[in-house]
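Just so you know, the sequence shown maps onto residues 1 to 145 in full-length UniProt numbering.
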Amino acid sequence: FAFDCEGTALVPQLLGRYWQKERQLARVNSGDQAKGGSPQEVEAVLVKLVRLIANIAISSSVGSTLASSSAVVDPLLDMLGAKRIGDSEELVLNVVAAVTNLLFYDVPSNLLFQPDNKQLLCRLFRPLLLESYNIEALIETARAL
1 FAFDCEGTAL
11 VPQLLGRYWQ
21 KERQLARVNS
31 GDQAKGGSPQ
41 EVEAVLVKLV
51 RLIANIAISS
61 SVGSTLASSS
71 AVVDPLLDML
81 GAKRIGDSEE
91 LVLNVVAAVT
101 NLLFYDVPSN
111 LLFQPDNKQL
121 LCRLFRPLLL
131 ESYNIEALIE
141 TARAL
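As structure tokens, this is what we get:
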């Protein structure tokens, strides 16, 4: 999928498009069914896309490519900052899993290892480690660190 169907280009585009759509719906606070679906439908697609990223990131060639792509890393970090475990549990858990898998690749081009992103990750993981009563979030976040 990643190479035969140009999935490493397609998945980041879809992630960015649906994340923008979710942010627009959040700003408007109304789910215009005709123009892009309800917030729940958009979040369900995001969950599936993030889960796909987490799964394909297991491949070393794909994972290092995705970890070096701002089209993947930026939306994932934005999601961690914008979403709360109590409101969007499945999405947050999948984002943490995807970040964990991307952090595996210790290559110079991995955007998650940039100093600013390291600090941001620590700030974003803090509530999941210290303020969450969700054991799965605690375990997954600890794995990422």
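A virtual CB, placed ideally from N, CA and C, is assigned to each residue, including glycine.
- For residue 98, the CB contacts under 7 angstroms within the same chain, skipping 5 residues up- and downstream, are 50, 53, 54, 57 and 76 in chain order.
- When C-alpha distances from residue 71 are compared across 9, 144 and 139, the shortest belongs to 9.
- Put simply, of 108, 20, 29 and 136 the residue whose alpha carbon is nearest the alpha carbon of residue 89 is 136.
- By alpha-carbon distance to residue 45, the top candidate from 19, 69, 103 and 110 is 19.
- Between residue 96 and residue 140, the C-beta spacing is below 7 angstroms.
- DSSP places residue 12 inside the alpha helix (DSSP H), whose first and last residues are 7-28.
- Burial state of residue 133 is exposed, judged by a 10 Å Cβ sphere holding fewer than 16 other Cβ atoms.
- If you check the CB distance, residue 67 and residue 93 do not come in under 7 angstroms.
- In this chain, the alpha helix (DSSP H) harbouring residue 129 covers 115-130.
- Runs of the beta strand (DSSP E) lying entirely within the stretch 24-97, each at least 3 residues long, are absent.
- For residue 112, no alpha helix (DSSP H) segment is defined, and its DSSP state is neither H nor E.
- In the DSSP assignment, residue 138 falls within the alpha helix (DSSP H) that extends over 135-144.
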